[in-house]
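Quick note on full-length UniProt numbering: the sequence shown kicks off at 1 and runs consecutively.
Yeah, the Cβ is synthetic: ideal placement off N, Cα and C, and Gly gets one too.
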Amino acid sequence: MIKDPSIHSVSSLAHITVILCRPEGQTNIGSVCRAMKTMGITNLSIVDMQTSADLNTIRTWSLSAFDIYEQAQHFTSLKDAIAEAHLVVATSRRIGKNRKFFGLSAEEFATQLPQYAQQKIALVFGNEKNGLNEEEMDLCHTLIHIPTSDLYPSLNLAQAVQIVTYELFKQSLQVNLIIHPFTAITAEETLNLSTTLTQHLDQFGFFAISRENGYRHVQNFWQAIIGRASLTPKEAQFLEKMIRQLTHMKVKESLSSVPHQDDI
């Protein structure tokens, strides 16, 4: 196949990192490296690898992409792996009420790429056997849904990575990425803000009058919309301040409604 020499210079996906959670197969890791490099993505993070690294096997299956594995970062938890990311994207073939609030196809997500031109994006892929667990899903802001046939719904890990990265690479060739004059808050800051906002709502009495919206559900809601919105630090501070002031107003209102001792 003849390769267009201009493609490498046009594509710019250096802000994207592929994260593998609890991978087991050494052949899969090697194949993922190859899938990534063919689509111009070179940042790989591995969380809690389930088996000892077999470098010979990984090298055999990655071919000329073994450098992707050599430069990969290793973490013990997904929370640590995404700490500096601005947008964290889960991937799954399953979709439902516990799989975030909605799922985008890989192609649909790729069309949003210009919006995140200067933001660090983490693409999170789960274990080969059971995918991402609920705790890992809770740390993600949005979901890429990869539909498959009922005849054989299970995708190989490297195939899933290839599908998603191909759509991103294709989109990067079609548009000039918009340069945003700001940097969004990181995934760690998004999680902290989501926790703080949920705590303010709890103090406001929200959960006492709306029990169908559980604490965890509301925190996940905040995390999802804040992550997709790519808030700047200043916007995040303003949002937290606004909710905090509403809480204080509610407390003052409650205190003013308590009868004074002279009135009793």
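With 16 other Cβ atoms within 10 Å as the buried cut-off, status of residue i
| i | result |
| --- | --- |
| residue 133 | exposed |
| residue 69 | buried |
| residue 116 | buried |
| residue 22 | buried |
| residue 64 | exposed |
| residue 120 | buried |
| residue 28 | buried |
| residue 173 | exposed |
| residue 151 | exposed |
| residue 183 | exposed |
| residue 106 | buried |
| residue 219 | buried |
| residue 205 | exposed |
| residue 86 | buried |
| residue 223 | buried |
| residue 14 | exposed |
For residue j and residue i, the rounded distance between their alpha carbons
| i | j | result |
| --- | --- | --- |
| residue 7 | residue 36 | Per-residue confidence for residue 7 stands at a pLDDT of 39, beneath the threshold of 50, marking its modelled position as unreliable; the derived number appears in the next sentence. Rounded to the nearest angstrom, the two C-alpha atoms are 15 Å apart. |
| residue 228 | residue 214 | 21 Å |
| residue 202 | residue 114 | 36 Å |
| residue 187 | residue 56 | 35 Å |
| residue 265 | residue 18 | In the structure as shown, the chain starts at 1 and stops at 264, and residue 265 therefore has no counterpart that could be examined. |
| residue 43 | residue 118 | 15 Å |
| residue 158 | residue 145 | 15 Å |
| residue 194 | residue 60 | 43 Å |
| residue 26 | residue 75 | 17 Å |
| residue 197 | residue 93 | 31 Å |
| residue 122 | residue 231 | 16 Å |
| residue 185 | residue 50 | 31 Å |
| residue 9 | residue 148 | Reliability fails at residue 9, whose pLDDT of 36 lies under 50, so the model's placement of it is uncertain and the value that follows must be treated cautiously. Spanning the two alpha carbons is a distance of roughly 33 Å. |
| residue 225 | residue 191 | 11 Å |
| residue 235 | residue 84 | 18 Å |
| residue 247 | residue 47 | 38 Å |
| residue 109 | residue 238 | 28 Å |
| residue 141 | residue 89 | 6 Å |
| residue 58 | residue 136 | 25 Å |
| residue 155 | residue 161 | 10 Å |
| residue 200 | residue 216 | 14 Å |
| residue 138 | residue 79 | 10 Å |
| residue 33 | residue 163 | 14 Å |
| residue 153 | residue 81 | 28 Å |
| residue 189 | residue 242 | 17 Å |
| residue 240 | residue 233 | 11 Å |
As assigned by DSSP and simplified to three states, the class of residue i
| i | result |
| --- | --- |
| residue 236 | helix |
| residue 13 | coil |
| residue 35 | helix |
| residue 41 | coil |
| residue 127 | strand |
| residue 30 | helix |
| residue 110 | helix |
Residues bridged to residue i (per DSSP)
| i | result |
| --- | --- |
| residue 103 | 143 |
| residue 121 | 16, 87 |
Please give the ranges of any beta strand (DSSP E) in the region 44-93, keeping only runs that are unbroken, at least 3 residues long and fully inside the region. 73-75, 87-92
Of all the alpha helix (DSSP H) runs that stay within the bounds of the region 133-188, which reach a length of 4 or more residues? Whole alpha helix (DSSP H) segments, 4+ residues: 134-138, 157-174.
Minimum length 4: unbroken alpha helix (DSSP H) runs contained in the region 190-234 = 206-209, 215-229
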